[in-house]
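Peer 1: Residue numbers (full-length UniProt numbering), protein chains in the order written: chain V, 1 to 166; chain S, 1 to 166. Note that CB positions come from ideal geometry on N, CA and C, so glycine has one too. None of the values given here were measured: they were computed from a predicted structure. Structure provided below as structure tokens; questions to follow.
Number of protein chains: 2
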Amino acid sequence: MDGVIADHLNKHLTLYNRDYEDQLTFADLQGKKLREMAKCGIAVQKYYQDPTFFRDLVVMEGSQSVVKQLQENYEIFIATAAMEFPLSFQAKYEWLTEHFDSIPKSNIVFCGDKGILHADYLIDDNSYNFKNFKGKGILFTSPHNVYETEYARVNNWQEVAAMFLG
Amino acid sequence: MDGVIADHLNKHLTLYNRDYEDQLTFADLQGKKLREMAKCGIAVQKYYQDPTFFRDLVVMEGSQSVVKQLQENYEIFIATAAMEFPLSFQAKYEWLTEHFDSIPKSNIVFCGDKGILHADYLIDDNSYNFKNFKGKGILFTSPHNVYETEYARVNNWQEVAAMFLG
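So this is what it looks like as structure tokens:
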């Protein structure tokens with residue numbers, strides 16, 4: 001969800017720069033998590049504890065239309081590691097039902113360890129989610145993962161479409 | 001979760017009998033869902049829409065100690081079909097962290113279709129959850145399922161212990 005269909009990083013960076021009077025850009029985050037570059041370190045995760053943080057995220061470009069196309073040939077589930085931020089449940093659910101109403105509620109999964117998912121493919125921006133996953137992991141490009149080479153990679157939703165519908 | 005480690009039925013029946021001046025018992029529910037026997041029919045599901053309904057459910061007898069014993073030999077996940085009742089997320093999460101603190105948050109799953117779970121076994125009181133599940137389904141006895149014969153059955157947590165640790 002985050003970093004694949006929901007753009008959490010733009011909002012996170014904007015809030016951080018505002019509150020800490022910093023000017024970090026996506027270029028500064030190549031190969032780094034925001035918490036590694038932020039003046040406040042791990043405390044930058046506090047924004048995720050705000051129950052409203054995930055409610056108004058911008059939809060990743062092309063994700064809605066490509067998901068709908070994929071649904072014609074594949075069974076699509078949306079999984080999100082929500083257990084790290086339990087206050088986010090309601091906002092994430094509302095965001096999904098607003099922006100991805102083609103996904104039935106039965107196909108939404110809030111989990112922790114994504115190794116519990118029984119699926120052929122997992123598109124994710126965090127490669128650690130592939131560790132216990134039994135299907136094929138596909139890395140969705142995000143600044144923090146640009147130097148990783150171990151997994152198949154898609155840079156955007158057009159490339160997802162090309163991979164699965166091409 | 002519900003009907004396996006959390007006793008939702010006792011509370012549901014008590015609230016229904018109070019509000020509809022009825023005297024339904026577990027004996028009346030043999031082979032039936034409450035919504036089939038309730039004067040109000042499917043409207044009896046309204047109790048699940050109360051965000052607090054799932055917060056104070058009684059823990060099923062023996063479940064805590066057997067889950068802990070199982071964890072010595074198995075990786076245990078708790079999965080619940082929470083997507084049907086999105087207002088229940090917070091209460092279910094709080095209940096789990098209160099009563100099953102041996103389960104790491106990473107092993108909690110809120111889902112819909114349990115076919116998404118990658119596990120060897122699924123202990124559940126609703127046999128429809130086994131339909132898309134690729135592992136072995138084990139039916140946990142509840143009044144509504146007593147006449148079902150298609151799946152392996154456990155009547156209580158002592159029988160779960162005997163099956164997996166015996």
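My understanding is that Phe53(S) touches Ala82(S), with C-beta atoms under 8 Å, so please give their C-beta distance in whole angstroms.
Peer 2: Here residue 53(S) refers to the residue found at position 53 when the second sequence is read from its first residue. Here residue 82(S) refers to the residue found at position 82 when the second sequence is read from its first residue. 12 Å between Cβ atoms; not a contact.
Peer 1: Please give the ranges of any alpha helix (DSSP H) in the region 5-91 of chain V, keeping only runs that are unbroken, at least 4 residues long and fully inside the region.
Peer 2: With a minimum length of 4 residues, the continuous alpha helix (DSSP H) runs that stay inside the region 5-91 of chain V are 8-20, 34-37, 63-71.
Peer 1: For the region 99-119 of chain S, enumerate the residues whose C-beta is nearer than 8 Å to any C-beta of chain V, in chain order.
Peer 2: Answer set for the region 99-119 of chain S: Pro104, Lys105, Ser106, Asn107, Ile108, Val109, Phe110, Cys111, Gly112, Asp113, Gly115, Ile116, Leu117, His118, Ala119.
Peer 1: Could you tell me how far apart the beta carbons of Ile116(V) and His118(S) are, in whole angstroms, since I believe they sit closer than 8 Å?
Peer 2: Residue numbering aside, residue 116(V) sits at position 116 when the first sequence is read from its first letter. Residue numbering aside, residue 118(S) sits at position 118 when the second sequence is read from its first letter. The pair is a contact, with the Cβ atoms about 6 Å apart (cut-off 8 Å).
Peer 1: Which chain S residues are close to Met83(V), counting only those with a beta carbon under 7 Å from its beta carbon?
Peer 2: Position 83 of the first sequence, counted from the first residue, corresponds to residue 83(V). Within chain S, the residues near Met83(V) are Lys105, Ser106, Ile108.
Peer 1: In the DSSP output, what is Asp2(V) paired with across the bridge?
Peer 2: For the purposes of this step, residue 2(V) is taken as the residue at position 2 of the first sequence. The partner list for Asp2(V) (beta bridge, DSSP) reads Ala6(V).
Peer 1: In the structure shown, what three-state DSSP assignment does Ile103(S) receive?
Peer 2: Within the second sequence, the letter at position 103 stands for residue 103(S). Reduced to three states, the DSSP call for Ile103(S) is coil.
Peer 1: In the region 41-56 of chain V, which residues sit with their C-beta less than 8 Å from some C-beta in chain S, listed in chain order?
Peer 2: Flagged: no residues at all.
Peer 1: Using a Cβ-Cβ distance cut-off of 8 Å, determine whether Gln71(S) contacts chain V.
Peer 2: Sequence index remark: in the second sequence, residue 71(S) carries index 71 (1-based). Chain V, which has no Cβ nearer than 8 Å to the Cβ of Gln71(S), makes this no.
Peer 1: Starting from Gln90(S), find everything on chain V with Cβ-Cβ shorter than 9 Å and list it in chain order.
Peer 2: Taking the first residue of the second sequence as 1, we reach residue 90(S) at position 90. Neighbours of Gln90(S) on chain V, chain order: Pro86, Leu87, Phe89, Gln90.
Peer 1: Run through chain V and tell me which residues come within less than 8 Å of Lys134(S), C-beta to C-beta.
Peer 2: Numbered from its first residue, the second sequence carries residue 134(S) at position 134. Those within 8 Å of Lys134(S) in chain V are His118.
Peer 1: Excluding the five sequence neighbours on either side, which residues of its own chain have a C-beta within less than 7 Å of the C-beta of Glu21(S), listed in chain order?
Peer 2: The count along the second sequence starts at 1 and reaches residue 21(S) at position 21. Same-chain partners within the cutoff: there are none.
Peer 1: Asn126(S) and Ile76(S) look like a contact to me (Cβ under 8 Å); what is the Cβ gap, rounded to whole Å?
Peer 2: Here the question's residue 126(S) lines up with position 126 in the second sequence. Here the question's residue 76(S) lines up with position 76 in the second sequence. Between Ile76(S) and Asn126(S) the Cβ distance is about 19 Å, and since that is not below 8 Å, they are no contact.
Peer 1: So, at 8 Å on beta carbons, what are the nonlocal neighbours of Ala91(S) in its own chain, with the 5 sequence-adjacent residues on each side left out?
Peer 2: Position 91 of the second sequence holds residue 91(S). Pro51, Thr52, Phe53, Phe54, Arg55.
Peer 1: Answer with yes or no whether the minimum CB distance from Tyr121(V) to chain S is below 8 Å.
Peer 2: Position 121 of the first sequence, counting from 1, holds the residue named residue 121(V). Not an interface residue.
Peer 1: In three-state terms, what does DSSP make of residue 172(S)?
Peer 2: No answer is possible for residue 172(S): the residues shown for chain S start at 1 and end at 166.
Peer 1: Under 7 Å Cβ-Cβ, which residues of chain V neighbour Tyr151(S)?
Peer 2: As a first step, residue 151(S) is located in the second sequence; it is residue number 151 there, counting from the start. Under the 7 Å cutoff, chain V gives no residues; its nearest Cβ is about 19 Å from Tyr151(S).
Peer 1: Cα-Cα, which of Asn73(S), Pro104(S), Ile123(S) is closest to Asp113(V)?
Peer 2: Counted from its first residue, the first sequence places residue 113(V) at position 113. Looking at the Cα atoms, Pro104(S) is the closest of the given residues.
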